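Visitor:
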Amino acid sequence: MSYLCPLCHSPLAAQEKSFVCPQGHQFDKAKEGYVNLLPVQHKHSRDPGDSTEMMQARRAFLDAGHYQPLRDAICQVLTCFAPETLLDIGCGEGYYTAGFAGALTGLTGDIWGLDVSKVAIRYAAKRYSQVQFCVASSHRLPFGDSSLDAVVRIFAPCKAEELARVVKPGGVVITATPGPRHLIQLKALIYQEVLLHSQEVESLPGFVEEQTQHISWPMTLKGEEAAALLQMTPFAWRARPEVREALKAEAAFACETDFVVRVWRREG
1144 MSYLCPLCHS PLAAQEKSFV CPQGHQFDKA KEGYVNLLPV QHKHSRDPGD
1194 STEMMQARRA FLDAGHYQPL RDAICQVLTC FAPETLLDIG CGEGYYTAGF
1244 AGALTGLTGD IWGLDVSKVA IRYAAKRYSQ VQFCVASSHR LPFGDSSLDA
1294 VVRIFAPCKA EELARVVKPG GVVITATPGP RHLIQLKALI YQEVLLHSQE
1344 VESLPGFVEE QTQHISWPMT LKGEEAAALL QMTPFAWRAR PEVREALKAE
1394 AAFACETDFV VRVWRREG
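According to the working numbering, the sequence shown is numbered sequentially starting from 1144.
1) Could you tell me the boundaries of the alpha helix (DSSP H) in which Gln1374 lies?
2) Assuming Cys1234 and Gly1256 form a contact by the criterion Cβ under 8 Å, report the distance between their Cβ atoms to the nearest whole angstrom.
3) Does DSSP classify Gly1313 as helix, strand or coil?
4) Where do the ends of the beta strand (DSSP E) carrying Gln1275 lie?
5) Extract the residue ranges of the alpha helix (DSSP H) inside the region 1282 to 1307, only unbroken runs of 4 or more that lie entirely within it.
6) Tell me, which residues are paired with Val1351 by DSSP?
7) Roughly how many whole angstroms lie between the Cα atoms of Pro1377 and Pro1384?
8) Check each candidate in Gln1166, Leu1155, Lys1302 and name the one with the smallest Cα separation from Lys1172.
9) Could you name each continuous beta strand (DSSP E) segment of 3 residues or more that falls completely within the region 1177 to 1243, going from the start of the chain to the end?
10) Helix, strand or coil for Gly1256? Go by DSSP, reduced to three states.
11) CB Thr1426 to CB Ala1267, shorter than 9 Å?
This is the structure:
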């Protein structure tokens, strides 16, 4: 299986240092091994996605193992389904994707990681050579119809129509979303009124919800770890500078996690 050209949607043929479609559109591989399949006309900003600072914070936080229970839970689900082809949408710097690859060591197909952030994909490809990474839009997936056995989507947006298009009949989409109390202590430092996360379940036309799993655990973070957590969340845009400094000064910041993991089966 290969990528599709983001311009004409023809299959891309892999060459030594590039991917080329029959229409002559060419996409060169970066020295880290990834390919950029996000044409400038598909961008909504000059550098879409997470910044270098957010990637560095995310890598430091995830490398410390604070979200490993979430990764382990999704790995367990994946091993039950044993997909031959897997896509991680919104893969960031590759922490989860590499974990999935490790759990599926007998995989006969391929594992892809996709993110709109070029910075994130460069970080991912440089460290995790066992995964194929690409810069691309989650709303225009560069994969053929019914080409994937499984898709993982952790906090990542994607059009339901695109998921229904690329996932094989009988295949699965695994989503991870915030539970009601996710990071509620962190939110309390930023918002005057702290609201629980909505429990409205997103519908996926063409899929049937097959499993739901609630995962939560307490964290005790050092000051720099708490500041890194803030930096990698959307809350960072709303946090005042004094909140960041206060977090850095914390000897031990107690915070809850709360996730909902769902398995959606593609109707046949």
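Cβ coordinates follow ideal geometry from the N, Cα and C atoms, glycine included.
Treat the numbers as computed from the prediction; the structure is a model and nothing was measured.
Guide: Result, derived from the coordinates:
1) Your numbering for residue 1374 matches position 231 in the sequence shown. Taken as a continuous stretch (DSSP letters only), the alpha helix (DSSP H) holding Gln1374 covers 1366 to 1374.
2) For the purposes of this step, residue 1234 is taken as the residue at position 91 of the sequence shown. For the purposes of this step, residue 1256 is taken as the residue at position 113 of the sequence shown. Yes, Cys1234 and Gly1256 are in contact; Cβ-Cβ is about 3 Å, under 8 Å.
3) Position 170 of the sequence shown, counted from the first residue, corresponds to residue 1313. Note: Gly1313 maps to strand in three-state DSSP.
4) The count along the sequence shown starts at 1 and reaches residue 1275 at position 132. Looking at the DSSP string, the run of the beta strand (DSSP E) that includes Gln1275 is 1275 to 1278.
5) none
6) Walking along the sequence shown from the start, residue 1351 turns up at place 208. Per DSSP, Arg1408.
7) Numbered from its first residue, the sequence shown carries residue 1377 at position 234. Numbered from its first residue, the sequence shown carries residue 1384 at position 241. So the two alpha carbons sit approximately 15 Å from each other.
8) For the purposes of this step, residue 1172 is taken as residue 29 along the sequence shown, with counting starting at 1. Checked all of Gln1166, Leu1155, Lys1302; the closest Cα to Lys1172 is Leu1155.
9) 1228 to 1232
10) If you number the sequence shown from 1, residue 1256 lands on position 113. In this structure, Gly1256 counts as strand in the three-state DSSP scheme.
11) Residue 1426 is absent from the model: the chain starts at 1144 and stops at 1411.
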